[in-house]
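A.B. asks:
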Ligand code: SAM
Ligand code: SF4
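In the working numbering, the protein residues as written are 383 to 717.
(1) Output the distance between the C-alpha atoms of residue 414 and residue 456, rounded to the nearest integer angstrom.
(2) Taking only three categories from DSSP, how would you classify residue 712?
(3) Checking the sheet assignment: what are the DSSP bridge partners for residue 665?
(4) With a floor of 4 residues, list each alpha helix (DSSP H) that falls wholly inside the stretch 535-591, ordered by position along the chain.
(5) Quick check on this structure: which residue in 451, 433, 440 and 460 has the alpha carbon closest to the alpha carbon of residue 466?
(6) Roughly how many angstroms lie between the CA atoms of residue 446 and residue 453, to the nearest whole one?
(7) Would DSSP call residue 437 helix, strand or coil?
(8) Is the number of C-beta pairs between the stretch 627-639 and the stretch 571-582 that are closer than 8 angstroms three or more?
(9) Heavy atom of the ligand SF4 less than 7 angstroms from the Cβ of residue 456, yes or no?
(10) Just to confirm, are residue 566 and residue 609 a CB contact at a threshold of 8 angstroms?
(11) Consider the C-beta atom of residue 482 and the heavy atoms of the ligand SAM; say whether any pair is separated by less than 7 angstroms.
(12) Look up residue 704 in the DSSP assignment and say whether it is helix, strand or coil.
(13) Grab me the residues of residue 614's own chain with a C-beta within less than 6 angstroms of its C-beta, minus the 5 sequence neighbours each way, in chain order.
(14) Using alpha carbons as the reference points, say which of 623, 684 and 679 lies closest to residue 646.
(15) Among residues of its own chain, excluding the 5 on either side of residue 541, which ones have a beta-carbon nearer than 6 angstroms to its beta-carbon?
(16) So, residue 416 versus residue 580, is the Cβ gap smaller than 8 angstroms?
(17) For a cutoff of 8 angstroms on Cβ pairs, would you count residue 452 as touching chain D?
(18) With DSSP as the reference, identify every bridge partner of residue 401, one or two as the case may be.
(19) Taking the straight line between their C-alpha atoms, what separation do you get for residue 619 and residue 671?
(20) Mind checking whether the beta-carbon of residue 412 lies closer than 7 angstroms to any heavy atom of the ligand SF4?
(21) Given residue 606, which residues of its chain have a CB within under 7 angstroms of its CB, disregarding the five upstream and five downstream residues?
(22) What does the Cβ neighbour count give for residue 458, buried or exposed, with the cut at 16 atoms within 10 Å?
(23) Report yes if the C-beta of residue 403 is less than 7 angstroms from at least one heavy atom of the ligand SF4; otherwise report no.
(24) Counting beta carbon pairs with one atom in the stretch 466-476 and one in the stretch 493-508, are three or more of them shorter than 8 angstroms?
(25) Going by beta carbon distance, what residues of the same chain come within less than 7 angstroms of residue 601, once the five residues before and after it are set aside?
(26) From residue 588 to residue 696, what distance separates their C-alpha atoms?
(27) Quick one: is the Cβ of residue 422 within less than 7 angstroms of any heavy atom of the ligand SF4?
(28) If I follow the unbroken beta strand (DSSP E) through residue 619, where does it start and stop?
(29) Once you ignore the five residues that flank residue 689 on each side, which residues in its own chain have a CB closer than 6 angstroms to its CB?
(30) Using only alpha-carbon positions, find the residue among 652, 713, 681 and 679 that is nearest to residue 437.
(31) Pull up the CB-CB distance for residue 558 and residue 711, whole angstroms please, since I reckon it's below 8 angstroms.
(32) CB residue 487 to CB residue 529, shorter than 8 angstroms?
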């Protein structure tokens with residue numbers, strides 16, 4: 383039931399209706415931009431939210447006005463009880479979506495369907511098996527590509543997420559776009575973002591402007607169509623005339639979309655982050671386990687949200703390792 387008090391609005395009037403829940407800090411891949419080679423210190427198992435706790439926290443958000451929940455991680459599907467969690471969350475009056483690397487997605491097709499999940503985001507950073515295996519530090523390209531085709535055949539709305547890294551996969555941008563000629567998918571190019579331990583530097587990043595320069599050099603001006611972005615969309619969306627699918631750029635570094643941000647994140651160990659780039663977080667799990675009301679903590683966390691990128695409002699600030707290094711690694715946030 384919708385509560386009267388609006389705890390999901392921040393001081394800039396942004397309404398936080400989209401909750402992203404990380405189910406686990408574990409993953410069956412090891413993407414270089416997401417986690418350090420040596421791994422990350424994992425939370426003790428007892429500090430990870432149980433499926434009941436996930437449900438209780440999610441329900442609190444839904445009762446207060448959240449309309450969309452995305453499950454992420456780590457790799458959400460490697461969690462042993464992910465199916466139970468999906469089914470439980472599907473009982474809430476909310477749009478349910480998932481981000482996955484697709485390595486074991488074939489085992490979940492029926493679960494997704496029974497839970498009403500239609501929108502599935504899949505990470506795919508290269509169309510070349512060797513390069514994919516290099517960036518993910520695992521040899522699962524064939525499995526992932528087959529599973530992406532399976533998702534499409536089964537009728538899901540598939541978005542492919544490719545993190546662009548200069549000198550690594552920037553020469554595949556046009557190949558990715560050409561994939562949308564026959565496939566009804568959206569390929570989303572993500573600007574490489576700095577997080578703890580991912581060896582980010584500006585030189586490795588392909589910007590929105592650079593991607594569009596490549597696109598405009600390849601296609602005629604009248605073939606490249608800007609399409610309408612959905613409300614609160616993080617991406618700038620385009621389509622090549624006559625192609626079945628579309629492509630987009632997520633420009634969190636060079637063109638942040640913070641003005642219309644409606645996202646709030648819950649980490650696998652029950653911490654609330656009001657921004658992907660925030661260096662602070664609020665513990666919801668301990669008070670929940672103590673039987674306390676978590677709504678005042680949610681409200682306070684949302685009200686303390688900065689206007690832009692967790693306070694790193696200029697590119698210069700974002701580039702400072704002392705600032706972005708205070709954050710977690712992406713794998714432990716839940717992208
Ligand atoms: N394992 C799932 C997957 O790979 O889709 C879900 C979790 S993953 C952290 C979510 C998204 O974050 C992926 O699309 C991934 O490409 C993106 N991501 C991770 N590290 C990133 C970085 N440094 N910059 C930009 N995007 C990043
Ligand atoms: Fe795992 Fe996804 Fe991070 Fe890759 S991007 S290491 S698949 S959580």
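Beta carbons: idealized from backbone N, C-alpha and C, even for Gly.
Just so you know, these numbers come straight off a predicted model, no measurement behind them.
C.D. replies: With the given structure in hand:
(1) Answer to the nearest angstrom: the Cα atoms are 13 angstroms apart.
(2) If DSSP states are grouped into helix, strand and coil, residue 712 belongs with the helices.
(3) The partner list for residue 665 (beta bridge, DSSP) reads 653.
(4) Fully enclosed alpha helix (DSSP H) runs of 4 or longer: 555-561.
(5) Restricting attention to 451, 433, 440 and 460, the CA atom closest to the CA of residue 466 is found in 433.
(6) In a straight line, the C-alpha of residue 446 is about 19 angstroms away from that of residue 453.
(7) When secondary structure is reduced to three states using DSSP, residue 437 falls in the helix class.
(8) Taking a cut-off of 8 angstroms for Cβ pairs, the stretch 627-639 and the stretch 571-582 touch, as three or more such pairs fall below it.
(9) Residue 456: yes, Cβ under 7 angstroms from the ligand SF4.
(10) No, Cβ-Cβ distance for residue 566 and residue 609 is not below 8 angstroms.
(11) Yes.
(12) Helix, per DSSP.
(13) Here the set comprises 642 and 644.
(14) Here the closest residue by C-alpha is 684.
(15) Same-chain partners within the cutoff: 503, 568 and 570.
(16) Yes; because the gap between Cβ atoms is below 8 angstroms, this pair is in contact.
(17) Given the protein chain composition of this structure (a single chain), no chain D is represented.
(18) Beta-bridge analysis with DSSP links residue 401 to 451 and 646.
(19) Distance between the alpha carbons of residue 619 and residue 671 is about 42 angstroms.
(20) Checking the Cβ of residue 412 against the ligand SF4 gives yes.
(21) When the five nearest sequence neighbours on each side are left out, the beta carbons in the same chain lying within less than 7 angstroms of the beta carbon of residue 606 are those of 597, 598, 620 and 622, in order along the chain.
(22) Note on residue 458: 16 or more other CB atoms within 10 angstroms of its CB, so buried under the neighbour-count rule.
(23) Result no, Cβ not under 7 angstroms from the ligand SF4.
(24) The stretch 493-508 makes contact with the stretch 466-476; the number of CB pairs closer than 8 angstroms reaches 3 or more.
(25) 622.
(26) The straight-line gap from Cα to Cα measures roughly 17 angstroms.
(27) The answer is no for residue 422.
(28) Boundaries of the beta strand (DSSP E) harbouring residue 619: 617-622, taken from the DSSP string.
(29) Closer than 6 angstroms at the Cβ level, and outside the excluded window around residue 689, lie 394.
(30) Checking every option, the nearest Cα to that of residue 437 belongs to 652.
(31) The pair is not a contact, with the Cβ atoms about 25 angstroms apart (cut-off 8 angstroms).
(32) Less than 8 angstroms separates the beta-carbon of residue 487 from that of residue 529.
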